[in-house]
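These notes are about the structure you will find just below.
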Amino acid sequence: MKIAISGGSGFIGTHLINYLLTKQYEVLLISRSPKITQEKVVCVTWAELDQDSSRIEKLDAWINLAGESINQRWTKSAKSRIIESRITIIHHIAKLMEKLEVKPRVIIHSSAIGIYGTSDTKTFTEESKSKSTDFLSEVVREWEKAAEQLKGARVVRLRTGLVLSLDGGALPTMVMPYRFGIGGRVGKGTQWVSWIHITDMVRLFDYCLTSDHISGAVNAVSPHPVTMEQFGKTIARVWHRPHLFPVPSFVLKLMFGEMSVLVLEGQRVLPQVLLEHDYVFQFKELEPALQELHKE
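full-length UniProt numbering puts the first residue of the sequence shown at 1, with every later residue one more than the last.
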C-alpha cells in the first residue's frame, strides 16, 4: 500500500510512520521541510508537488496530520496561524487531488474531540452535534468544514483525544509534578479526560486505512474516559508518588491564558463507531496504559 502523509514529522506522525513501515507500507512524507531521514521513507515538499504531481500518482491513501501546534499561548496572531495553517493545507490537498488521474481510495483527516465543546455532565459520540464553546471547538469545526471539499474518496475524520506517550504530547508535562512529588488535583478535577494510548492510535489509523466500511467521523479515544482527578490519582499510583498538591484554576489561567481550557475543561467522549464494529483496543483502561508507558 502506498500512503502519503502530510504533517508526519510531528509526535503522532513519527510513531505512525514507524508503525506503517513495520507493515511493509510504502510511505511518502509531505512537508514544507521534511526532517525524517529513514531510508524507507520518501520525502517531498509541497513546492515540489506543485511542480510535479506525478510523485503522488497511484496513491492508495492520504493521511493528513498537518497544522500549527495548539500548544502555545492563544494570542490573536497565534489563533490566526492555527486556523489558517489547517485550512490552507486542506485547500492544497484538494488542489493536488484534482490533478490526479487516479485518486486515493481513502483520505484520513486528523481532527479532534474538541469539536463537541466541553461539558462535565454530557457524553458525546460521533452522532453528537458539534458545539462552539471555545477557540479549540471553533478550530476543529472550521477544519472539518474545509475537509468537506475532499471528494472522490472514502473520507475518515479521526477525532483524536489525549494521546498517551512519554515522548510527546501532553502526558510528559502532566507526569512531571509527580516525578518531583508535588502532583495533585488540576483545577476542579471533575473535568473529563478522553484518552488513547499511542499504540492504539497508530493501530487505529491502519484499521481505518483497510476497513472499507469505516467513513465519516470516528472518535479516537478509549471506551473508558476518566476525570482529571482520576487521571492524576492513577499517575500517582503508577509512579508511586503522592497526589496531594492541588493546582488551582487561576494559577493555570495566569500561566497559559486562554489555552488553559485544554486542561481545565474537557469532554466525556465514547468511540461508538469503533465499538459498533467490534474494534479491539489494546489498552481500554487507563492504569494498564500508563503502566506500559512507565515500563519503557
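Ideal Cβ placement from N, Cα and C applies to all residues, glycine included. Remember, it's a predicted structure, so these values are computed and weren't measured experimentally.
Using only the alpha-carbon positions, how far apart do residue i and residue j sit?
i	j	result
Lys129	Ile214	19 Å
Lys131	Met255	26 Å
Phe281	Trp46	35 Å
Leu100	Leu252	48 Å
Ala146	His91	8 Å
Asp120	Ser111	21 Å
Ser6	Met176	31 Å
Val226	Ala4	34 Å
Leu204	Leu166	19 Å
Val190	Glu229	First, the amino acid is wrong: residue 190 is Thr here, not Val. If you take the alpha carbons of Thr190 and Glu229, they lie about 6 Å apart.
Pro223	Tyr279	11 Å
Leu29	Lys23	16 Å
Val155	Gly216	6 Å
Leu286	Leu264	19 Å
Phe283	Ala289	6 Å
Val41	Gly266	36 Å
Gly168	Asp206	20 Å
Val247	Gly117	23 Å
Cys43	Ala66	15 Å
Gln51	Leu209	28 Å
Ile89	Trp239	40 Å
Ser77	Leu262	19 Å
Leu59	Pro172	36 Å
residue 297	Trp143	The chain is shown from 1 up to 296; residue 297 falls before or after that span and cannot be answered.
Arg179	Arg237	12 Å
Thr123	Lys295	32 Å
Arg241	Asp212	45 Å
Taking 8 Å as the cut-off, is the beta-carbon of residue i closer than that to any non-hydrogen atom of the ligand GDP?
i	result
Ile70	With respect to the ligand GDP, the structure offers nothing, as it holds no ligand at all.
Among the residues of its own chain, which have a CB less than 6 Å from the CB of residue i, if the five just before and after it don't count?
i	result
Val221	Gly161, Ser194, Ile196, Val269 and Pro271
Ser31	Ser9
Val273	Glu126 and Val218
Leu20	Val27
Leu293	Leu166
Ile63	Ile5 and Ile108
Thr133	Gly117 and Thr118
Gln291	Val238
By the 10 Å Cβ neighbour count, where 16 or more other Cβ atoms means buried, how is residue i classified, buried or exposed?
i	result
Glu39	exposed
Leu275	exposed
residue 382	Residue coverage of the chain in this structure runs from 1 to 296, which leaves residue 382 outside it and unanswerable.
Arg157	buried
His277	exposed
His109	buried
Arg86	buried
Glu68	buried
residue 367	Residue 367 is absent from the model: the chain starts at 1 and stops at 296.
Gly181	exposed
residue 310	Outside the shown range of the chain, which is 1 to 296, sits residue 310, and nothing can be said about it.
Asn71	exposed
Gly13	buried
Phe250	exposed
Arg159	buried
Ser260	buried
Round the Cβ separation of residue i and residue j to the nearest angstrom and send it over; I've been treating them as touching at under 8 Å.
i	j	result
Gly187	Phe245	No, Gly187 and Phe245 are not in contact; Cβ-Cβ is about 13 Å, not under 8 Å.
Val102	Glu148	In fact, because the Cβ distance is near 22 Å, the residues do not count as touching under 8 Å.
Ser137	Ile115	6 Å
Ala61	Met1	7 Å
Thr83	Val140	Correcting the residue type first, residue 83 is Ile in the shown sequence and not Thr. Incorrect: roughly 10 Å between the Cβ atoms, too far for contact.
Trp74	Phe135	6 Å
Ile113	Met174	Not quite, the Cβ-Cβ distance comes to about 17 Å (not below 8 Å), so this is no contact.
Between which residues of its own chain and residue i is the CB-CB distance below 8 Å, once the five residues before and five after are set aside?
i	result
Glu48	Arg55
Ser53	Leu96, Lys99 and Leu100
Trp150	Strictly speaking, residue 150 in this sequence is Leu, with Trp absent from that position. Same-chain partners within the cutoff: Ile90, Ile93, Ala94, Met97, Ile107 and His109.
Gly152	Met97 and Lys103
Tyr25	Met1, Lys2 and Ile3
Skipping 5 residues on each side, what residues in its chain have a beta carbon closer than 7 Å to that of residue i?
i	result
Gly232	Gly183, Gly184, Arg185, Val186 and His243
Ile198	His15, Val163, Leu164 and Ser165
Ala170	Leu162
Val202	His15, Leu16 and Tyr19
- Message: Give the list of continuous alpha helix (DSSP H) stretches no shorter than 4 residues that lie fully inside the stretch 110-184.
- Response: 135-147 and 171-179
- Query: Hey, which unbroken runs of the alpha helix (DSSP H) at 4 residues or more fall wholly within the UniProt domain "DUF1731" (247-293)?
  - Reply: 249-256, 261-264 and 272-276
- Item | Start-end ranges of the alpha helix (DSSP H) lying completely within the stretch 200-250, minimum 4 residues | 228-239
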